[in-house]
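Numbering of the sequence shown is given in numbering that gives the first Met the number 0, commencing with residue 0 and proceeding in unit increments.
We put the beta carbon where it would ideally sit given N, CA and C, even for glycine.
Model, not experiment: these values are computed from the prediction.
What follows is a single structure, written as structure tokens, with notes after it.
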Amino acid sequence: MAAPFNVEQFALQLLTESLFYDEEYGALGNVSLIDKESVRERYLASYDPDRDTFLIEEAVEWEELDADEDGEVDYALAVDGEEHGTYGTPEEAAEVLMALARDKNLAPSFMILFDEETG
0 MAAPFNVEQF ALQLLTESLF YDEEYGALGN VSLIDKESVR ERYLASYDPD RDTFLIEEAV
60 EWEELDADED GEVDYALAVD GEEHGTYGTP EEAAEVLMAL ARDKNLAPSF MILFDEETG
């Protein structure tokens, strides 16, 4: 008999697989945790190829929220952050993201970034 469906394991796997880096294409997965009340990014997570680690940053400064008339992002993007932690594997970073989301009632957002967008 199969184990019952586990929503937390499902979400952890999605977060883990979202934190990818593709050196050939210079693409990386960026996961943001969004505060629905303030409508802005609170935490950002991605792989840092320069340091060969997975990084979570806490946002400390944001761009002006443009009421999304262009159909893109509908929350204020962080323009500056402080290191929250570094992790050796995407699984470790995903677990921290889940704990932050649960503790602070944050929603996930995912975007693919390319080398020219990360620097």
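Which one or two residues does DSSP pair with residue i in a beta bridge?
| i | result |
| --- | --- |
| D34 | R39, L105 |
| D47 | T52 |
| D21 | A26 |
For residue i, report the span of its alpha helix (DSSP H) as first-last.
| i | result |
| --- | --- |
| V6 | 6–17 |
I need the boundaries of the beta strand (DSSP E) containing residue i, first residue and last residue.
| i | result |
| --- | --- |
| E81 | 77–86 |
Could you check what DSSP says for residue i in three-state terms: helix, strand or coil?
| i | result |
| --- | --- |
| E94 | helix |
| L123 | Outside the modelled stretch of the chain, which goes from 0 to 118, sits residue 123, for which no answer is possible. |
| A58 | strand |
| A2 | coil |
Leaving aside the five residues before and after residue i along the sequence, list all residues of the same chain whose C-beta is less than 6 Å from its C-beta, in chain order.
| i | result |
| --- | --- |
| D100 | Note that residue 100 corresponds to Ala in the displayed sequence, not to Asp. L32. |
**Prompt:** Are at least three pairs of beta-carbons, each pair with one atom in the region 2–17 and one in the region 47–59, less than 8 Å apart?
**Reply:** Judged by Cβ distances under 8 Å, the region 2–17 makes no contact with the region 47–59, as fewer than three pairs qualify.
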